[in-house]
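In our numbering, the protein residues as written are 34 to 229. Where a beta carbon is used, it is the ideal one built from N, C-alpha and C, also for glycine.
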Amino acid sequence: MKPYYEDGSVTIYHGDAREILPQVEADVLVTDPPYPNNAGHFDDAVPLARDIVRGWDADALVFWSELEIPETAAPLVAVHIWHRSNVNGRPYEPIFHFARDGAKKRSEVFRHPAIFNGAGPGCVEYLGHPTQKPVALMGALMDKTEGTVLDPFAGSGSTLEAAKARGRKAIGIEREERYCETAAKRCEQEVLDLAA
Numbered sequence: 034m035k036p037y038y039e040d041g042s043v044t045i046y047h048g049d050a051r052e053i054l055p056q057v058e059a060d061v062l063v064t065d066p067p068y069p070n071n072a073g074h075f076d077d078a079v080p081l082a083r084d085i086v087r088g089w090d091a092d093a094l095v096f097w098s099e100l101e102i103p104e105t106a107a108p109l110v111a112v113h114i115w116h117r118s119n120v121n122g123r124p125y126e127p128i129f130h131f132a133r134d135g136a137k138k139r140s141e142v143f144r145h146p147a148i149f150n151g152a153g154p155g156c157v158e159y160l161g162h163p164t165q166k167p168v169a170l171m172g173a174l175m176d177k178t179e180g181t182v183l184d185p186f187a188g189s190g191s192t193l194e195a196a197k198a199r200g201r202k203a204i205g206i207e208r209e210e211r212y213c214e215t216a217a218k219r220c221e222q223e224v225l226d227l228a229a
């Protein structure tokens with residue numbers, strides 16, 4: 034299995050997550066998969082997302098609908114909220130936090146602007162993905178975890194960029210090549226060590 038992109042921190046695979054997942058190893062799932070939200074984005078991939086999340090047997094932080102809790106093998110230990118600080122209407126998304134040890138965690142609210150094509154906070158990050166997440170948000174979620182990060186729905190690579198900035202190993206899987214290319218370009222940029 035040949036990676037689409039690989040550096041010392043990040044590996045990106047282009048293809049079907051069902052076929053690639055058995056061949057990779059990771060410690061934690063941090064992902065925004067296609068989930069049932071009536072927005073019309075990637076609806077055909079919701080059954081795949083359900084299968085992958087259900088089959089995951091380690092720690093996980095998963096965006097999902099507020100109307101159902103995704104099934105995983107690990108117990109639910111917290112429900113975090115992304116407060117999308119620059120939108121009206123539905124200004125939040127839940128993030129379900131699962132941990133194999135079952136130890137309850139504090140649920141938190143993360144206030145970050147939504148990423149979309151336009152002007153204002155958050156829009157500077159926009160790279161053409163309809164459900165793109167802020168790098169700062171994905172990093173804050175990742176800070177609640179340890180080990181190699183897996184995002185089987187990598188999209189434009191926000192999770193991967195956040196991992197690289199933190200010196201974490203990360204594996205991304207994306208079925209659309211145009212988003213693999215976007216994620217690879219983001220990850221090609223080197224992280225400066227300003228502490229040195």
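Endpoints, alpha helix (DSSP H) assigned at residue 215: Locating residue 215 in the sequence shown gives position 182, counting from the first residue. Element bounds for residue 215: 210-221.
Reduced DSSP category for residue 160 - H, G, I as helix; E, B as strand; rest coil: To locate residue 160, count along the sequence shown from 1; it is residue 127. Coil, per DSSP.
Sequence-distant residues of the same chain with beta carbon closer than 7 Å to residue 47, five excluded per side: By one-based count along the sequence shown, residue 47 stands at place 14. These residues qualify, in order along the chain: 37, 207, 210, 213.
Start and end residues, alpha helix (DSSP H) containing residue 80: For the purposes of this step, residue 80 is identified with residue 47 of the sequence shown, where counting begins at 1. Unbroken alpha helix (DSSP H) run through residue 80: 79-88.
Between the CA atoms of residue 99 and residue 69 - distance to the nearest angstrom: In the sequence shown, the residue the question calls residue 69 occupies position 36. In the sequence shown, the residue the question calls residue 99 occupies position 66. Linking residue 69 to residue 99 through their CA atoms gives a straight-line distance of about 10 Å.
Inter-stretch contact at 8 Å, needing at least 3 Cβ pairs: the stretch 214-222 / the stretch 75-86: The count of Cβ pairs closer than 8 Å, one atom from the stretch 214-222 and one from the stretch 75-86, stays below three, leaving the stretches out of contact.
DSSP three-state assignment for residue 120, whether helix, strand or coil: Within the sequence shown, numbered from 1, the residue matching residue 120 stands at position 87. Coil at residue 120, not helix or strand.
Reference residue 55; option with closest CA among 34, 42, 149: Translated into positions along the sequence shown, residue 55 becomes position 22. Ranking the options by Cα distance to residue 55, first place goes to 34.
Alpha-carbon to alpha-carbon, residue 193 and residue 138: Mapped onto the sequence shown, residue 138 falls at position 105. Mapped onto the sequence shown, residue 193 falls at position 160. Straight-line Cα distance between these residues: approximately 24 Å.
DSSP three-state assignment for residue 139, whether helix, strand or coil: Locating residue 139 in the sequence shown gives position 106, counting from the first residue. It is coil, neither helix nor strand.
At least three beta-carbon pairs within less than 8 Å, the stretch 182-192 to the stretch 57-67: yes
Within 7 Å, strictly: CB atoms of residue 198 and residue 171: Within the sequence shown, numbered from 1, the residue matching residue 198 stands at position 165. Within the sequence shown, numbered from 1, the residue matching residue 171 stands at position 138. Taking 7 Å as the Cβ cut-off, residue 198 and residue 171 do not qualify as a contacting pair.
CA nearest to the CA of residue 127, picked from 51, 104, 95, 154: Taking the sequence shown and counting its residues from 1, one reaches residue 127 at position 94. Nearest C-alpha to residue 127: 95.
Residue 128: first and last residue of the uninterrupted alpha helix (DSSP H) it sits in: The residue labelled residue 128 in the question sits at position 95 within the sequence shown. Careful: residue 128 lies outside any alpha helix (DSSP H), inside the beta strand (DSSP E) at 125-131.
Exposure of residue 117, with buried meaning 16 or more beta-carbon neighbours within 10 Å: The residue you call residue 117 lines up with position 84 of the sequence shown. Buried is the call here.
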